[in-house]
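Residue numbers (this note's numbering): 1 to 362.
Take a look at the structure:
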């Protein structure tokens, strides 16, 4: 954690001296930052990201000249949410303790520091440009969706049924009161969500979102069972950088503020349901899930049948309901945020309806 000697800077107090110390400690002992510029990038709801361009002296040829700094949101409501939900603490600890165990593609982390559990924290990450961020509102082609599903194998397979992960308290390991808390939050926030977004939903989309709150044991709130793995939780286009300069899209996954021990097929269903327009998704999704399953088995996962995988995928269509209803009502409201949450509500509801997942609510 941070010490008295190493204070965590804010977006306005980052200095050339501080950046020099971080570069020397992590990558190049001879580098000096003589000057830098920084500007905001992205549209994060809970965090703020800066692109920092460095002027260096005495540096090695491969020393980075651009970095991404991730900091708490400048909005007090969103920042308080980040602390209350342990988002900031979880992401810092993910890069420190969990990332080295995985094969999913991540940005290189040069520095990760937090004061207690926040809000003061900072991550210095690799700048992945010229890769471009995904766009949740536009959706994606099947090739991108398949690349995203296959990239998840690098998160799920190395952590598949790994009991040691339950020793990390910030991963919400079982036993945990998390499930009933999430259910309570969903029910409490649902009326406000319906007031704000209901007019944009079709009648059957609204009904299934409301039915989750009324069901005795919907998949969204069921306790963790086997199989389990690490679950990104917010695995969607806005949290990826995509490089299409080569034949196969290359994805790098960002935003690890919600990582937990959870249900692996939730990530797959969440991405496909939110990331593809329904008419694009319907003819290709079973094939994409099947190729994810085959890759998972090739990576060493055993005793997991395709029929079980497909059922858990169908149950996972509800994973996006919780994110959409709860997150939309506890972060600062923005025009793009409203458009994004509307699209997510429509697509996740339609996904569940298309796969007959409403049967799991009775």
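Beta carbons are placed, not taken as given, at the ideal position from N, Cα and C, and that holds for glycine.
All values derive from a computational prediction rather than experimental measurement.
Rounded separation between residue 34 and residue 272 - CA only: What you label residue 34 is simply residue 34 of the chain shown in a count that begins at 1. What you label residue 272 is simply residue 272 of the chain shown in a count that begins at 1. Roughly 45 Å between the two C-alpha positions.
Residue 5 in three-state terms, based on DSSP: Looking up residue 5 in the chain shown gives position 5. Confidence at residue 5 is low in this model, with a pLDDT of 39, below 50, so its placement is unreliable and no value can be given for it.
For residue 123, the three-state DSSP class (helix, strand or coil): Here residue 123 corresponds to residue number 123 of the chain shown, with the count starting at 1. Residue 123 falls in the strand class under three-state DSSP.
Coil, strand or helix - residue 197 by DSSP: In the chain shown, the residue the question calls residue 197 occupies position 197. Of the three classes helix, strand and coil, the one that applies to residue 197 here is helix, per DSSP.
Which residues DSSP lists as bridging residue 230, in chain order: Locating residue 230 in the chain shown gives position 230, where the first residue counts as 1. Residue 230 is bridged to 261.
DSSP three-state assignment for residue 168, whether helix, strand or coil: As a working note, residue 168 is residue 168 in the chain shown. Of the three classes helix, strand and coil, the one that applies to residue 168 here is coil, per DSSP.
Span of the beta strand (DSSP E), counted from its first residue to its last, around residue 109: Stepping through the chain shown from its first residue, residue 109 is reached at position 109. Its beta strand (DSSP E) spans residues 109-114.
Supposed close pair residue 370, residue 229 - CB separation, criterion 8 Å: There is no way to answer for residue 370, as the model of the chain reaches only from 1 to 362.
Same chain only: Cβ atoms within 6 Å of residue 123, ignoring 5 sequence neighbours per side: Translated into the one-based positions of the chain shown, residue 123 becomes position 123. So the list reads 70 and 112, once near-sequence residues are dropped.
Nearest-angstrom Cα separation, counted from residue 222 out to residue 180: Taking the first residue of the chain shown as position 1, residue 180 is located at position 180. Taking the first residue of the chain shown as position 1, residue 222 is located at position 222. Residue placement at residue 180 is poorly supported in this model, since its pLDDT is 45, which falls under 50; the coordinates still yield a value, given next. Taking the straight line from one Cα to the other gives about 9 Å.
Beta-carbon spacing of residue 276, residue 132 below 8 Å: Within the chain shown, the letter at position 276 stands for residue 276. Within the chain shown, the letter at position 132 stands for residue 132. No. Outside cutoff.
Beta-carbon proximity check, residue 72 vs residue 119, cutoff 8 Å: Walking along the chain shown from the start, residue 72 turns up at place 72. Walking along the chain shown from the start, residue 119 turns up at place 119. Yes, Cβ-Cβ distance for residue 72 and residue 119 is below 8 Å.
4 or more residues per run - each alpha helix (DSSP H) lying fully within the stretch 134-158: 142-151 and 153-156
Own chain residues within Cβ distance below 6 Å of residue 66, not counting five before or after: Against the chain shown, residue 66 aligns to sequence position 66. So the list reads 53 and 127, once near-sequence residues are dropped.
Classification of residue 87 by the beta-carbon crowding that lies within 10 angstroms, buried from 16 upward: Sequence index remark: in the chain shown, residue 87 carries index 87 (1-based). Result: buried.
Residue 298: first and last residue of the uninterrupted alpha helix (DSSP H) it sits in: The count along the chain shown starts at 1 and reaches residue 298 at position 298. That run of the alpha helix (DSSP H) goes 285-298.
DSSP-derived helix/strand/coil call for residue 161: Translated into positions along the chain shown, residue 161 becomes position 161. If DSSP states are grouped into helix, strand and coil, residue 161 belongs with coil.
Proximity of residue 135 and residue 237 at Cβ, strictly below 8 Å: For this step, residue 135 is matched to residue 135 along the chain shown. For this step, residue 237 is matched to residue 237 along the chain shown. Yes, these two residues count as a Cβ contact at 8 Å.
Rounded C-alpha distance that separates residue 203 from residue 163: Numbered from 1 along the chain shown, position 203 holds the residue referred to as residue 203. Numbered from 1 along the chain shown, position 163 holds the residue referred to as residue 163. Near 43 Å, if we compare the C-alpha coordinates of residue 163 and residue 203.
Proximity below 8 Å, CB of residue 105 to CB of residue 183: Position 105 of the chain shown, counted from the first residue, corresponds to residue 105. Position 183 of the chain shown, counted from the first residue, corresponds to residue 183. Contact: no.
Residue range of the unbroken beta strand (DSSP E) whose run includes residue 55: Sequence index remark: in the chain shown, residue 55 carries index 55 (1-based). Its beta strand (DSSP E) spans residues 47-57.
Contact set for residue 356: own chain, Cβ-Cβ below 8 Å, skip 5 residues either direction: Counting from one through the chain shown, the residue named residue 356 turns up at place 356. Once the five neighbours on either side are set aside, the close Cβ partners of residue 356 are 314.
Same chain, Cβ closer than 6 Å to residue 77, five either side skipped, listed in chain order: Numbered from 1 along the chain shown, position 77 holds the residue referred to as residue 77. Answer for residue 77: 332, listed in chain order.
CA nearest to the CA of residue 200, picked from 353, 49 and 342: Residue 200 sits at position 200 when you count from the first residue of the chain shown. Minimum Cα distance to residue 200 is reached at 342.
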